[in-house]
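Input: a single structure, listed below in structure tokens.
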Amino acid sequence: MAINQTIFIEKSVGKNGINQELDVNTIKKQLNAQMPSSHRKLIISGICDSDTIDTIIDFQKTVLGFHRPDGRIDPNGKTLRALNDSASQVKWANSPVHVNEQWSGDSSKWPQTKKLQSLNPAFRIKVQNVLDALAQRGFQPKIFFGWRSVAVQQELFAKGRTKVRFSFHNAQKPDGTPNAYAADIIDKRWGWNQEAKDNGFWSALGEAAKKQGLVWGGDWTSFKDVAHIQGRQNSELANTKKESGL
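Take 3 as the starting number for the sequence shown in the numbering used here and just add one per residue.
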């Protein structure tokens, strides 16, 4: 679908919307055409899932400046008009990053699009390929942690859930913008429960990650971390911390 093509919907799409299949696909295609390259493309399935709602909210916040986005697109509404404006693509892609505001809060609860944005660009592409490969095999992959703060890392260390006080999850640019080289990926149906192993999710994750040249925590012998993938070797951790200005 061309970016400057005007679209129409019969009923509302998004959170608490009517979500007719044709309308949902129309909106997804237009969002895919408008979204920045760092965002994960929406699957054209006719279903308004959480990723779709998260993307609508991101568009409303970034392009329209909504302080309380409702995550819904109505026929002839302001969000739909903005989606039909080709200038929105540039505004979305070039929106200013307010580090302290944009990257605050519990990063495990960020939308999937934001978690992807928190990753190092080269690593992000490989993570997206991993997610796509798992989805093609019938799994429902979800990033649980992309970037996370050093403060959260210290909490996890104190609880014995990690062996390091600084991890590739904590990597950032000198200005504090997240630039993580690690991601924890789960199947949204099972999390870390036994079903994930029984249904072959962890092994599939490891296989997909290694095809992208990534490190899989499930291969570690001293501290297995089956949900964890990273784009750098452990020997590079100290240098990554230095690059992060930490």
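Glycine included, C-beta positions come from ideal geometry on N, C-alpha and C.
- The C-alpha of Gly-107 lies about 28 Å from the C-alpha of Ala-137.
- In the DSSP assignment, Pro-143 falls within the beta strand (DSSP E) that extends over 143 to 147.
- Rounded to whole angstroms, Ile-58 and Ser-224 show a C-alpha spacing of 42 Å.
- Comparing C-alpha distances from Trp-149 to each of Gln-214, Asp-87, Gln-232 and Asn-27 shows the shortest one belongs to Gln-232.
- Within its own chain, the residues whose Cβ lies closer than 7 Å to the Cβ of Ser-169, once the five positions on either side in sequence are excluded, are Gln-155 and Ala-184, listed in chain order.
- DSSP lists Ala-182 as the bridge partner or partners of Leu-121.
- When Cβ pairs closer than 8 Å are counted between the two stretches, the region 72 to 91 is seen not to touch the region 128 to 144, the count staying below three.
- DSSP lists Gly-16 as the beta-bridge partner residues of Arg-74.
- Counting C-beta atoms within 10 angstroms of its own C-beta, Arg-126 has 16 or more neighbours from the protein chains shown and is therefore classed as buried.
- When the five nearest sequence neighbours on each side are left out, the beta carbons in the same chain lying within less than 7 Å of the beta carbon of Asn-21 are those of Val-15 and Cys-50, in order along the chain.
- Contact between the region 202 to 217 and the region 116 to 136 is present: 3 or more CB-CB pairs across the two stretches fall below 8 Å.
- A straight-line Cα-Cα distance of about 18 Å links Ser-90 and Pro-77.
- Excluding the 5 residues flanking it on each side, Val-65 has same chain C-beta neighbours closer than 6 Å at Ala-84, Ser-90, Lys-93 and Trp-94, in chain order.
- Taking a 10 Å sphere around the C-beta of Arg-42, we find 16 or more other C-beta atoms and assign the residue as buried.
- The beta carbon of Pro-176 sits closer than 7 Å to the beta carbons of Gly-247 from its chain, once the five residues preceding and following it are set aside; these are given in chain order.
- The secondary-structure analysis by DSSP pairs Ile-231 across a beta bridge with Ala-185 and Trp-218.
- Take the alpha-carbon of Lys-63 and the one of Asp-53: they are about 15 Å apart.
- Gln-174 carries a strand assignment under DSSP once its states are collapsed to helix, strand and coil.
- About 7 Å separates the beta carbons of Phe-147 and Ser-109, which is inside the 8 Å limit, making them a contact pair.
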